[in-house]
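Numbering-wise (my numbering), the sequence shown opens with residue 414 and increments by one.
Glycine included, C-beta positions come from ideal geometry on N, C-alpha and C.
No experiment lies behind these values; they were computed from the predicted model shown.
Below: the structure, in C-alpha cells.
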Amino acid sequence: VANPESYTTRELPADFPHLQVITAAPERMSPGYTLFQVNRWTPSLDQNYGWIIAVDNAGDVVWYNRPGIPVMGTVHLANGNSLYIAGVNAAREVDPLGNEATFWFAPNIGIESIHHHISELPNGNILVAGSELRTIEGFPTPDGTTSYDMVADTIHEVTREGELVNTISLFDLFDPMDIPEDLDDPFYDSFDDPFWDFLYGGGTKDWTHLNEVIVDDDGNYILSVRHLNMIAKIDPSDPENPVVLWKMGPGHDFELVGDGLWHYHQHGPDLQDDGTIFVYDNGNHRDGVIRGPELFTRVVQYAIDEEAMEVEQLWEYRGETPYFASFVGNVSALENGNVLITDGGILSDPNLRETDPDGGRWARIVEVTREEEAEVLFT
Numbered sequence: 414v415a416n417p418e419s420y421t422t423r424e425l426p427a428d429f430p431h432l433q434v435i436t437a438a439p440e441r442m443s444p445g446y447t448l449f450q451v452n453r454w455t456p457s458l459d460q461n462y463g464w465i466i467a468v469d470n471a472g473d474v475v476w477y478n479r480p481g482i483p484v485m486g487t488v489h490l491a492n493g494n495s496l497y498i499a500g501v502n503a504a505r506e507v508d509p510l511g512n513e514a515t516f517w518f519a520p521n522i523g524i525e526s527i528h529h530h531i532s533e534l535p536n537g538n539i540l541v542a543g544s545e546l547r548t549i550e551g552f553p554t555p556d557g558t559t560s561y562d563m564v565a566d567t568i569h570e571v572t573r574e575g576e577l578v579n580t581i582s583l584f585d586l587f588d589p590m591d592i593p594e595d596l597d598d599p600f601y602d603s604f605d606d607p608f609w610d611f612l613y614g615g616g617t618k619d620w621t622h623l624n625e626v627i628v629d630d631d632g633n634y635i636l637s638v639r640h641l642n643m644i645a646k647i648d649p650s651d652p653e654n655p656v657v658l659w660k661m662g663p664g665h666d667f668e669l670v671g672d673g674l675w676h677y678h679q680h681g682p683d684l685q686d687d688g689t690i691f692v693y694d695n696g697n698h699r700d701g702v703i704r705g706p707e708l709f710t711r712v713v714q715y716a717i718d719e720e721a722m723e724v725e726q727l728w729e730y731r732g733e734t735p736y737f738a739s740f741v742g743n744v745s746a747l748e749n750g751n752v753l754i755t756d757g758g759i760l761s762d763p764n765l766r767e768t769d770p771d772g773g774r775w776a777r778i779v780e781v782t783r784e785e786e787a788e789v790l791f792t
C-alpha cells in the first residue's frame with residue numbers, strides 16, 4: 414500500500430449483535446479477517462436492522478458498518494470497499510469509513526428487485542440476482558387446469574452508472590411445470606416494501622429461488638437454484654438465448670456414484686480450481702422429510718465428471734453435533750485448505766416446523782480443517 418492509514422474502530426453501540434467466541438486457534442486458521450452480515454428476526458425479518466462486521470482470528474471486532482436495513486450478499490472488493498445488497502431493491506458500495514461510493518436502485522435500473530446475489534465482474538460491472546413475475550397457465554387440478562402467478566429469478570449485468578447491460582430469466586432456462594415442494598414459500602410476500610407490494614401484491618409462487626451465481630473461468634455461469642434442488646451450469650454468451658449445459662442434483666442430469674448423498678435446498682456453491690465444488694446443503698425436504706430428527710444440514714464437496722455425467726461425494730461435515738439450518742448459509746474453501754462455514758438459520762428444535770419462529774433460530778461461523786474427521790478451529 415503506497416500510503417497506508419490506520420483507524421481505530423469506535424466503541425460498539427449498545428444494540429450491536431451479541432457475538433460469543435467459543436473456539437479460536439488463530440495460529441492454525443486462515444490468515445485475515447472474516448467479513449459477514451447480521452440480520453434479525455423478531456420473529457419476522459426486522460426491516461430496520463442490519464450490520465456488516467469484520468472480525469479477526471480471535472473473534473474481536475475490527476470493523477463494522479450499520480446500514481440499518483436487512484443486508485445480503487456482502488463481498489469485499491479488491492479496492493478495499495464492501496459491496497452489499499440493501500433490502501430487496503438496492504445495492505451499495507461503501508469505503509472502509511462507511512462512505513457510499515456507488516448506489517444502485519432497482520426501479521431506476523428497470524429491474525424488479527435485487528436479492529441474494531451480488532458480485533463484481535472482471536470488467537468492473539456488477540452481477541445481481543433479480544426477479545420476474547409471469548402468469549403461467551396449464552397446471553393440473555382435479556377439475557382441469559389452473560394458472561399461477563409465478564416468480565422466477567433473473568440475472569442482470571449492470572454498469573457502475575446503473576445502466577442495464579443484459580438480463581437472463583430463469584423462465585427461459587427451466588420448465589415452470591417442474592413444481593418444487595416450496596412453491597408456496599412466502600418469500601416474495603414477506604417483505605414490508607411498497608415497491609414489492611406494488612409488483613407482487615401477495616399470493617405469488619416462489620418457483621426457483623436463485624441464491625448464488627458463480628462466474629467460471631470459461632465465462633459460463635453456475636447457478637444455485639434452491640427450490641429445484643439444482644446446481645446448473647449455463648452458457649450466458651447470448652443473453653437472449655442462454656443455454657443450459659447441465660443440471661446437477663436429485664432427479665437431474667448426473668448420476669451420483671459411491672456412497673454420498675445429493676444436496677437439497679442448497680446455498681453458496683464454491684467452485685474450486687480443480688473442478689470440485691463445495692455446497693452448503695441445507696437439507697430441506699431431503700427424501701420428502703419436512704420435520705423431525707431426520708432433518709440435517711451439512712457441507713459437502715463433490716467431484717464433477719462432465720464427460721461421464723457422474724458426481725462423486727468427496728467429503729462432508731455435519732457438525733460436531735448434528736443440526737438443521739433450514740434457510741440461508743454459506744461455505745468457502747480457504748487458501749490454507751481449511752473450510753469456512755456460515756450457518757445462518759439454525760433451528761434449535763428440528764421437531765418443530767421449520768417456519769415456526771418459536772423454534773429459536775440462531776447463527777454461527779465455523780472454520781474447520783478439511784479432513785475426514787474435521788477439527789473445529791473457530792466458532
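Leu596 has its alpha-carbon roughly 29 Å from the corresponding atom of Asn521. About 6 Å separates the beta carbon of Leu496 from that of Glu533, a gap short enough to meet the 8 Å contact definition. In the DSSP assignment, Met563 is bridged to Arg547 and Lys618.
DSSP lists Val571 as the bridge partner or partners of Leu577.
Put simply, of Glu784, Arg774, Val781 and Ile778 the residue whose alpha carbon is nearest the alpha carbon of Ser457 is Arg774. The residues Phe691, Val744, Ser745 and Ala746, in chain order, have a CB closer than 6 Å to that of Asp683 in the same chain once the five nearest residues on each side in sequence are set aside. In the three-state reduction of the DSSP assignment, Tyr420 falls in the coil class. For Ala519, the enclosing alpha helix (DSSP H) stretches over residues Ala519 to Ile522. The way I'd put it, the stretch 554-574 doesn't touch the stretch 473-486; fewer than three beta-carbon pairs between them come closer than 8 Å.
For Glu424, the closest C-alpha among the options His622, Trp476, Asp694 and Gly523 is that of Trp476.
Secondary-structure assignment with DSSP links Glu668 through a beta bridge to Glu723.
Below 8 Å, enough C-beta pairs join the stretch 773-789 and the stretch 430-450 to call them touching: three or more. By alpha-carbon distance to Gly671, the top candidate from Gly614, Asp651 and Glu723 is Glu723.
Between the stretch 549-563 and the stretch 615-622 there are three or more inter-stretch CB-CB distances shorter than 8 Å, so the stretches are counted as touching. Taking 8 Å as the cut-off, the beta carbon of Phe737 is found closer than this to the beta carbon of Leu760.
Of the residues Glu786, Asp648, Gly511 and Met590, the one whose Cα lies closest to the Cα of Glu550 is Met590. Taken through DSSP and simplified to helix, strand or coil, Asp591 comes out as coil. If the five residues before and after Arg699 are omitted, its C-beta is found closer than 6 Å to the C-beta atoms of Tyr677, all from its own chain and listed in chain order.
Gln714 has Phe691 and Trp728 as its beta-bridge partners, per DSSP. In the three-state DSSP reduction, Phe449 falls in the strand class (E or B). Ile647 is a Cβ neighbour of Asn633, given a cutoff of 8 Å. Rounded to whole angstroms, the separation of the alpha carbons of Gly662 and Thr422 is 44 Å. DSSP places Pro439 in the helix class (H, G or I) of the three-state scheme. Within the same chain, Cβ atoms closer than 6 Å to the Cβ of Ile498 are found at Met485, Gly486, Ala504, Ile527 and Ile531, the five residues on either side in sequence being excluded. Beyond the five residues adjoining it in sequence on each side, Thr548 comes within less than 6 Å, by CB distance, of Ser560 and Asp562 in the same chain, given in chain order. In this structure, the beta-carbon distance from Thr734 to Gln714 does not fall below 8 Å.
At a Cβ-Cβ threshold of 8 Å, Asp585 and Pro655 count as neighbours. Restricting attention to Asp598, Thr455 and Gly463, the CA atom closest to the CA of Ser739 is found in Asp598. With a threshold of 16 other beta carbon atoms within 10 Å, Glu668 falls short and is exposed. If you check the CB distance, Ile466 and Val451 come in under 8 Å.
In the three-state DSSP reduction, Tyr613 falls in the helix class (H, G or I). With fewer than 16 other Cβ atoms from the protein chains shown falling within 10 Å of its own Cβ, Tyr420 counts as exposed. For His640, the secondary structure class from DSSP, reduced to helix, strand or coil, is helix.
Burial of Asp756 is indicated by the presence of at least 16 other C-beta atoms within 10 angstroms of its C-beta. With fewer than 16 other CB atoms across the displayed protein chains lying within 10 angstroms of its CB, Trp454 is exposed. Between the alpha carbons of Val712 and Gln685 lies a distance of about 15 Å.
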